[in-house]
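*Asks:*
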Amino acid sequence: MQRMLDVSDDVRAEIGDDEADRLLTGENSPGSYDCTSCRTPGDSQQERTSTVLFVGEETAVLAFAHATCLPSQVVQVPEEQLQGAVQSITGGEPAAPEEPEQAVLGVTSGLVLLEGELHPALVVEPTGPIARPGATSGGDDFLPLLIEQGFMPVSQVKDVPAALNGWSVLLAMGQLHAVLQPGESGGQAAWWQAHQPLHVTEGWRAAANKTNKVLVFAAPVGSIGRQPREDLLRDALDKAAANGKLVTACMPLAGT
Numbered sequence: 002m003q004r005m006l007d008v009s010d011d012v013r014a015e016i017g018d019d020e021a022d023r024l025l026t027g028e029n030s031p032g033s034y035d036c037t038s039c040r041t042p043g044d045s046q047q048e049r050t051s052t053v054l055f056v057g058e059e060t061a062v063l064a065f066a067h068a069t070c071l072p073s074q075v076v077q078v079p080e081e082q083l084q085g086a087v088q089s090i091t092g093g094e095p096a097a098p099e100e101p102e103q104a105v106l107g108v109t110s111g112l113v114l115l116e117g118e119l120h121p122a123l124v125v126e127p128t129g130p131i132a133r134p135g136a137t138s139g140g141d142d143f144l145p146l147l148i149e150q151g152f153m154p155v156s157q158v159k160d161v162p163a164a165l166n167g168w169s170v171l172l173a174m175g176q177l178h179a180v181l182q183p184g185e186s187g188g189q190a191a192w193w194q195a196h197q198p199l200h201v202t203e204g205w206r207a208a209a210n211k212t213n214k215v216l217v218f219a220a221p222v223g224s225i226g227r228q229p230r231e232d233l234l235r236d237a238l239d240k241a242a243a244n245g246k247l248v249t250a251c252m253p254l255a256g257t
């Protein structure tokens, strides 16, 4: 049976015309699926469905989403994140690591008061030190790497940071999906992507939709922690800034 699938030109280029045609005719695509965006069931025989291709360095995973949640697209993701997704899908046991487990980025949402106005913000803190690719010293290069990308170090949390060109925050169906950065061959790639969409408060979403901008604060491991209240989160941000361990950027909101 013909599927109500959308296969973008980018996805078709990656998987080839033959595979794309097999998907469209239903030969190689599921009727029912769990949407990769909102995680609720979908049916490609009954509703428009997007093909979303997640591509790592060595692995590619084809997923499906309601067309109302996400358009058909190719999304670049870190290889280790994609391997984790494959293991969760297949139920396989992860291979024994040859190296220490890599740090992942933790993201917290909250409202931050700046210049007399509440701004939607994301606070990014890794679970461990982030080394520069190829480095063997074992140091933490998280902030220097972000500063090279255009993030600005601050000693006080008081001003709205400058816009960071090419970056954006992806919100779909009212939930947080990813922070996108400029891709190597144009377009955007996922700098951080939620394993499952993150819930944000009504107040956060309303503020984001009002300004169409999101403030992003980033700090090295151990600088912020998981704070249960926004006032405590703000205190932690102020302390990190005073200690020279905070960088910021302003990014446009993509989606609603």
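Each number in my numbering corresponds to the 1-based position in the sequence shown with 1 added.
In this text, a Cβ means the ideal position worked out from N, Cα and C, and glycines have one as well.
Just so we're clear, the structure is a prediction, and the values are computed from it rather than from any experiment.
Give the DSSP-derived three-state secondary structure of Asp35 in the structure shown.
*Replies:* strand
*Asks:* Taking Cβ to Cβ, would you say Leu181 is nearer than 9 angstroms to Leu172?
*Replies:* no
*Asks:* Three-state secondary structure (DSSP) at Val12?
*Replies:* helix
*Asks:* Tell whether a beta-carbon distance below 9 angstroms holds between Lys159 and Leu115.
*Replies:* yes
*Asks:* Would you grab the beta carbon distance between Ile225 and Ala242 for me? Rounded to a whole angstrom, and I think it's under 8 angstroms.
*Replies:* Between Ala242 and Ile225 the Cβ distance is about 11 angstroms, and since that is not below 8 angstroms, they are no contact.
*Asks:* Does the distance from the C-beta atom of Ala208 to that of Pro121 stay below 9 angstroms?
*Replies:* yes
*Asks:* Kindly give me the distance between the Cβ atoms of Leu165 and Asn213, rounded to whole angstroms, as I take these residues to be in contact under 8 angstroms.
*Replies:* About 14 angstroms; that fails the 8 angstroms criterion.
*Asks:* Mind checking which residues open and close the beta strand (DSSP E) that includes Lys214?
*Replies:* That run of the beta strand (DSSP E) goes 214-219.
*Asks:* Taking the DSSP output, what are the residues bridged to Val201?
*Replies:* Answer by DSSP bridge pairing: none, since Val201 is not bridged.
*Asks:* Are Val113 and Leu216 touching if we call contact CB-CB under 9 angstroms?
*Replies:* yes
*Asks:* I'd like the list of long-range same chain contacts for Ala127, defined as Cβ closer than 8 angstroms, with 5 residues on each side in sequence excluded.
*Replies:* One detail in the question is off: residue 127 reads as Pro in this sequence, not Ala. Around Pro127: Ala104, Val105, Leu106, Gly107, Phe143, Pro221, Val222.
*Asks:* Looking only at C-alpha atoms, which of Glu58, Val155, Phe65 sits nearest to Gly43?
*Replies:* Phe65
*Asks:* Compare the Cα-Cα distances from Glu185 to each of Gln77, Gln47, Leu71, Gly117 and report the closest residue.
*Replies:* Checking every option, the nearest Cα to that of Glu185 belongs to Gln77.
*Asks:* Along the chain, where does the beta strand (DSSP E) containing Glu149 start, and where does it finish?
*Replies:* Where Glu149 is concerned, there is no enclosing beta strand (DSSP E), although the alpha helix (DSSP H) it sits in stretches over 143-150.
*Asks:* Taking the straight line between their C-alpha atoms, what separation do you get for Cys251 and Thr26?
*Replies:* 43 angstroms
*Asks:* Over what stretch of residues does the alpha helix (DSSP H) that includes Asn61 continue unbroken?
*Replies:* It is Ala, not Asn, that sits at residue 61 in the sequence shown. Here Ala61 belongs to no alpha helix (DSSP H); instead the beta strand (DSSP E) covers 61-67.
*Asks:* How should Val67 be labelled, buried or exposed, when 16 other C-beta atoms within 10 angstroms of its C-beta is the threshold for buried?
*Replies:* The amino acid at residue 67 is misidentified as Val; the sequence shows His. Per the 10 Å Cβ criterion, buried.
*Asks:* Excluding the 5 residues flanking Gly256 on each side, which residues of the same chain have their C-beta closer than 7 angstroms to its C-beta?
*Replies:* Leu171, Leu172, Ala173
*Asks:* For Ala132, name the three-state secondary structure that DSSP assigns.
*Replies:* coil
*Asks:* Quick one: what's got a C-beta closer than 8 angstroms to Asn244's C-beta in the same chain, skipping five residues either side?
*Replies:* Ser224
*Asks:* Buried or exposed: Ala97, going by 16 or more other Cβ atoms within 10 Å of its Cβ?
*Replies:* Model confidence at Ala97 stands at a pLDDT of 38, short of 50, so the residue's coordinates are unreliable; what they give is reported in the following sentence. Exposed, by the Cβ-count rule.
*Asks:* Measure how close the beta-carbons of Ser51 and Val201 come, nearest whole angstrom, since I'm counting them as under 8 angstroms.
*Replies:* At roughly 22 angstroms, the Cβ-Cβ gap does not stay under 8 angstroms, so Ser51 and Val201 are not in contact.
*Asks:* What does the Cβ neighbour count give for Glu272, buried or exposed, with the cut at 16 atoms within 10 Å?
*Replies:* As displayed, the chain neither begins before 2 nor continues past 257, which places residue 272 out of reach and without an answer.
*Asks:* Tell me whether Leu54 sits in a helix, a strand or coil according to DSSP, three-state version.
*Replies:* strand
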